[in-house]
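*Asks:*
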DNA sequence: AATTACTGTTACATATTGTTAAAAATAGTT
DNA sequence: AACTATTTTTAACAATATGTAACAGTAATT
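Protein chains in written order, with the working numbering: chain A, 2 to 224; chain B, 2 to 224.
#1: Using a C-beta to C-beta distance shorter than 8 Å, which residues of chain B count as neighbours of residue 211/A?
#2: Taking residue 154/B as the query, report the chain A residues whose CB atoms sit under 8 Å from its CB, ordered along the chain.
#3: Note down the Cα distance separating residue 239/B from residue 203/B, rounded to an integer number of angstroms.
#4: Between residue 73/B and chain A, is there a C-beta pair that is closer than 8 Å?
#5: Is there a Cβ of chain B sitting closer than 8 Å to that of residue 173/A, yes or no?
#6: For residue 164/A, does the three-state DSSP call read helix, strand or coil?
#7: Taking only the alpha-carbon atoms, compute the straight-line gap between residue 108/A and residue 37/A and give it to the nearest angstrom.
#8: Find out if the Cβ-Cβ distance for the pair residue 75/A, residue 47/A is shorter than 8 Å.
#9: Of all Cβ atoms in chain B, is any one closer than 8 Å to the Cβ of residue 167/A?
#10: Are residue 118/B and residue 3/B closer than 8 Å when you measure CB to CB?
#11: Can you check whether the CB of residue 193/A is closer than 8 Å to the CB of residue 210/A?
#12: Is there a Cβ of chain B sitting closer than 8 Å to that of residue 17/A, yes or no?
#13: Could you tell me whether the Cβ of residue 131/A comes closer than 8 Å to any Cβ of chain B?
#14: Within 10 angstroms of its Cβ, does residue 126/B collect 16 or more other Cβ (buried), or is it exposed?
#15: Taking residue 223/A as the query, report the chain B residues whose CB atoms sit under 7 Å from its CB, ordered along the chain.
#16: Given that a residue counts as buried once 16 or more other Cβ atoms are within 10 Å of its Cβ, and exposed if not, what is residue 98/B?
#17: Going by beta carbon distance, what residues of the same chain come within less than 6 Å of residue 34/A, once the five residues before and after it are set aside?
#18: Using beta-carbon positions only, say whether residue 222/B and residue 144/B come within less than 8 Å of one another.
#19: Hey, quick one: how far does the alpha helix (DSSP H) through residue 34/A stretch, first residue to last?
#20: Output the distance between the C-alpha atoms of residue 215/A and residue 54/A, rounded to the nearest integer angstrom.
#21: By the DSSP assignment, the beta strand (DSSP E) with residue 99/A in it spans what residues?
#22: Whose C-beta lies closer than 7 Å to the C-beta of residue 170/A among residues of the same chain, with five residues either side of it excluded?
#23: Evaluate residue 135/B with the Cβ neighbour count: other Cβ atoms within 10 Å of its Cβ, from every protein chain shown; 16 or more gives buried, anything less gives exposed.
#24: Helix, strand or coil, according to DSSP, for residue 13/A in the structure here?
#25: Quick one: Cα of residue 1/B to Cα of residue 111/B, how far?
#26: In angstroms with no decimal places, state the Cα-to-Cα distance between residue 190/A and residue 132/B.
#27: May I ask you to list the residues that DSSP assigns as paired with residue 47/B?
#28: Less than 8 Å between the beta carbons of residue 267/A and residue 41/A, yes or no?
#29: Specify the secondary structure class of residue 111/B as computed by DSSP and reduced to three states.
#30: With distances taken between CB atoms, is the gap from residue 78/B to residue 52/B smaller than 8 Å?
#31: How long is the line joining the alpha carbons of residue 183/A and residue 11/B, rounded to whole angstroms?
#32: For residue 224/A and residue 147/B, I'd like the C-alpha separation in whole angstroms.
#33: Taking all protein chains shown into account, do 16 or more other C-beta atoms lie within 10 angstroms of the C-beta of residue 205/A, making it buried, or fewer, making it exposed?
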C-alpha cells in the first residue's frame, strides 16, 4: 500500500477520490484544511500529495511552499478549478509536479498519480535500473550487459544504485559511505576506493558510463 | 539552447509551436512523420520529445515505444486530440511522461516542457563548451582537440570553465580563487599561477585562444 | 640602471586515489 | 564444528592531483 495525502475541502469530492484510490493500491489520508494537511504531511510522509488550490486556512500554494521548504522529492499534484495559466505557472514554480483541472475523470487522476509515484524516489526500491546498456536488477543483485550477467555483492549493488540514483551529481565520500555502510560509524578505511575500482571494471563495456573522482570531495557517476 | 524534437503532422500547428518555442530557449527540430521523427531522435538526441498521437506512417504510440526500447530517460510529452482515457493510459504505459489535450494554450505547453526538461537529466546544457577548436566536456572533465583527448583534473576543468564563461573579461585573482577553490579560505599560495601555466599548455594548439595576465589584477581569456 | 613587485615555469613534496593481492570476516554446507 | 565459498577489509605499492618552493623572467617604479 502506498501512502497518499489528499488535501481537499469539498467533502464529497474528497470522499469519492479517497474511496476510489483506496480500492487501488493507495492508503489515503484525507484532510479538509491546509493547516491540518501540512501537519499530516510531516507526520505521515506520504509518497504523493494531492492538493486542492483553494483551501480554507492555508491555500494550496502556501501548503506546497511549506512542504517544499523541507522536502523536494515528494511529488505534488494540484487540483485546480481556475483556468488561468498563471496559476499553473506559479504552481510549478512552487515545486508542483503536475496539475489537473476540475472537473476531471477519476481514471485520469489515477493515471497521473501512478505516473508521478512511479518516477518519484519513494519507489527507490525500484527493482530494475537501466544504466546505459546495463540493466541492474537490484533485487537479485545482478548486473546484466547484453547476454552476460554478473552477480554483485550487496555493497557493490548498493553503491552502483546510489551513484546511479544521483548520477551527474558530485557525491561526497561521507554521503556515499553513509548510504552504503550505514552502520559503520567509524569507517576510516579505503574500502570505498576499492569498491569504486571494482564497479568501474564491471561497467567498463559501456563507454558512456564513467565514474570520476573529485579529489578530496568524492565521486560522480556520469552517464 | 536546448534541443527539442517536435513530431506533429499538422503543418501549421507545428509551425506555430516551433516558432513559439524557438523564441524561448529551445532549438526545435520539426518532423511531420513518425519514421522521420524517430530517425531524428537518435541523430539529434534531443532533451525532450513532443509527440502527436496521430501521425502518418508510424503513430505516436509506436514512436514512443521505439524510443523507449533504447532510451528511458528523455522525457516524452504527448499531444492528443482524442479524449478517451484509455489512450492516456496506454501512453503512460509506453513511457510517456506527460500529455496535453488539443486544443491547448502555448503557455501551458511551455510550462509543461520546462517542468519536464528541468527535472530530466538534460539540465547539462552547459555540458559542452566549444572553446575555439577545443571542446570541453565539463561533465567528464575532458578536453578534446581534433582527435586528441586530455583528461583534466577537477580544478583544471573548473578553471577553464570559469575563464571561458567570462571570456574577454578581466577576472581578478580573488574571484577566480573563490570560484575554483571554494573551500580553501586561507589560500595564499601560487597554485593559481601554476594552473594557469598548465592550462595554457593544454590550449596552445589553437593560436586564437590566449590567457593573458593583467598584472596585479588577474587573468583574462581572449578568444 | 637599479630596485621592486609580480608572474612564468619547473621541479619536487605531499596527499589523495587506483589497483592488486592477501588477510580477515561472514555466510553457507556438510 | 569443520570446511568451503564468498564478501569485505586491510595492506602495500603505483599513479595522479595538488600545493609549495625556488628561480627565472618581466613590467612598473624609483
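Positions of the beta carbon are idealized from the N, C-alpha and C atoms, including for glycine.
Note that this is a predicted model, so its numbers are computed, not measured.
*Replies:* So, to answer that:
#1: 141
#2: 216
#3: Missing from the structure shown is residue 239/B; chain B here goes from 2 to 224 and no further.
#4: yes
#5: no
#6: helix
#7: 27 Å
#8: yes
#9: no
#10: yes
#11: no
#12: no
#13: yes
#14: Per-residue confidence for residue 126/B stands at a pLDDT of 49, beneath the threshold of 50, marking its modelled position as unreliable; the derived number appears in the next sentence. Exposed, since its Cβ has fewer than 16 Cβ neighbours within 10 Å.
#15: 140 and 141
#16: buried
#17: 57 and 58
#18: no
#19: Segment: none, residue 34/A is in no alpha helix (DSSP H) and carries neither H nor E.
#20: 44 Å
#21: 99-102
#22: 221
#23: buried
#24: helix
#25: Lying outside 2 to 224, the shown extent of chain B, residue 1/B is not represented and no answer is given.
#26: 41 Å
#27: Answer by DSSP bridge pairing: none, since residue 47/B is not bridged.
#28: This structure cannot speak to residue 267/A, because chain A is shown only from 2 to 224.
#29: helix
#30: yes
#31: 55 Å
#32: 23 Å
#33: exposed
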